[in-house]
Amino acid sequence: MLHSMSTTVEAASERSAAEVNEEIRALWRRSGGTLTTEQREVYQRLVMEWATAAPVSDQAA
Numbered sequence: 026m027l028h029s030m031s032t033t034v035e036a037a038s039e040r041s042a043a044e045v046n047e048e049i050r051a052l053w054r055r056s057g058g059t060l061t062t063e064q065r066e067v068y069q070r071l072v073m074e075w076a077t078a079a080p081v082s083d084q085a086a
C-alpha cells in the first residue's frame, strides 16, 4: 500500500523504523530510481528519521 509522502519528518517516537522504511521505498518507486534534488533532501531526512526510529517490537519471540 502506497501512502502519500509527507515533506516533514515526524519525531522518531511517532513512527517505527518499518514505517519510515516503507516511505523510503515508496519514494524510490515513484522516482524510478533517480532522485531529484528535492527528493534527495526528503530521502536524507527520512534516512535520519529511520536511523533514530524505534524498531518494531517482536512480542511473539
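Residues 26 to 86, numbered by my numbering, are exactly what the sequence shown covers, in order. Note that the Cβ used here is the ideal one computed from N, Cα and C, for glycine as well. Since the model is a prediction, treat every value here as computed from it, not as a measurement.
Worksheet item: Roughly how many angstroms lie between the CA atoms of S56 and I49, to the nearest whole one?
Response: Taking the straight line joining both Cα atoms gives about 11 Å.
Worksheet item: If you count every other CB in all the chains shown that lies within 10 Å of the CB of V45, and 16 or more means buried, which is it?
Response: Label assigned to V45: buried.
Worksheet item: Exposed or buried, what is W53 when buried is set at 16 or more other beta-carbons lying within 10 Å of its beta-carbon?
Response: So W53 counts as exposed.
Worksheet item: Would A43 pass as a contact of W75 if the rule is Cβ separation under 7 Å?
Response: With contacts defined by Cβ atoms closer than 7 Å, A43 and W75 do not form a contacting pair.
Fill in: Under the three-state DSSP convention, the category A42 falls into
DSSP places A42 within a helical segment (H, G or I) once states are collapsed to three.
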